[in-house]
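J.: In the working numbering, the protein residues as written are 2 to 197.
Okay, structure coming up:
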């Protein structure tokens with residue numbers, strides 16, 4: 002009985018390790034990975050960045066989340082709805098997205114951060130997408146029950162999407178200096194966009 006349990010645990014552990022290695026290999030086959038985070042406007046910014054990267058002649062795939070999650074491809078004007086499993090939206094669906102993007106041999110992925118809980122944002126960035134460009138759209142009072150109770154805590158949660166040795170793009174806000182400080186600690190270059 003104990004031997005059976007040990008064997009089952011070893012099989013599951015081996016499967017998990019192999020899945021993680023394969024996911025990392027797929028991630029690194031996508032040279033540019035952009036993680037868009039914030040409270041409002043993430044889908045719009047994801048679409049805009051995807052469009053700009055497409056116009057620069059990159060093979061780019063964009064992914065929006067929310068109630069109308071979509072995939073956006075460089076080779077068509079049509080957006081494709083994401084077919085979700087019974088459990089609904091979760092960051093695990095990102096593995097399937099990464100597989101598809103890698104199979105398409107895309108140059109870039111622009112992905113709206115679908116995680117709200119701070120711990121999930123860390124997992125989303127560090128394991129699921131490992132972006133080399135982080136975009137923080139804004140820090141507003143929403144999802145305070147999960148990310149709050151203060152705006153400082155919301156801003157702190159968003160720092161999870163600031164990559165190491167990459168790029169951060171954000172806008173003028175009360176948290177700009179804080180984001181710059183974290184980016185500097187991570188050896189990440191900082192760019193301030195115009196939010197007008």
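Glycine included, each C-beta is placed from N, C-alpha and C at the ideal position.
Take the Cβ of residue 223 as the centre, count every other Cβ of all protein chains shown within 10 Å, and call the residue buried at 16 or more, exposed below.
T.: This structure cannot settle anything about residue 223, because the visible part of the chain is limited to 2 through 197.
J.: Express the C-alpha separation of residue 45 and residue 173 in angstroms, rounding to a whole number.
T.: 18 Å
J.: Under 7 Å Cβ to Cβ from residue 104, same chain only, skipping five residues before and after it: list those, please.
T.: Nothing meets the Cβ criterion.
J.: Less than 6 Å between C-beta atoms, sequence neighbours within five positions excluded: which residues of the same chain meet that for residue 170?
T.: Apart from the 5 residues on each side of it in sequence, residue 170 sits with its Cβ closer than 6 Å to the Cβ of 136, 192, 194 in its chain, given in chain order.
J.: The beta strand (DSSP E) that contains residue 110, what's its start and end?
T.: 109-113
J.: Please report the Cβ distance between residue 39 and residue 138, rounded to the nearest whole angstrom; I am assuming they are in contact, meaning their Cβ atoms lie under 8 Å.
T.: 3 Å
J.: If contact is defined by three or more beta carbon pairs under 8 Å, each pair taking one atom from either stretch, is the stretch 112-120 in contact with the stretch 72-87?
T.: no
J.: With a floor of 3 residues, list each beta strand (DSSP E) that falls wholly inside the stretch 11-80, ordered by position along the chain.
T.: 33-38, 61-65, 71-74
J.: Would you tell me roughly how many angstroms separate the C-alpha atoms of residue 166 and residue 28, rounded to the nearest one?
T.: About 16 Å.
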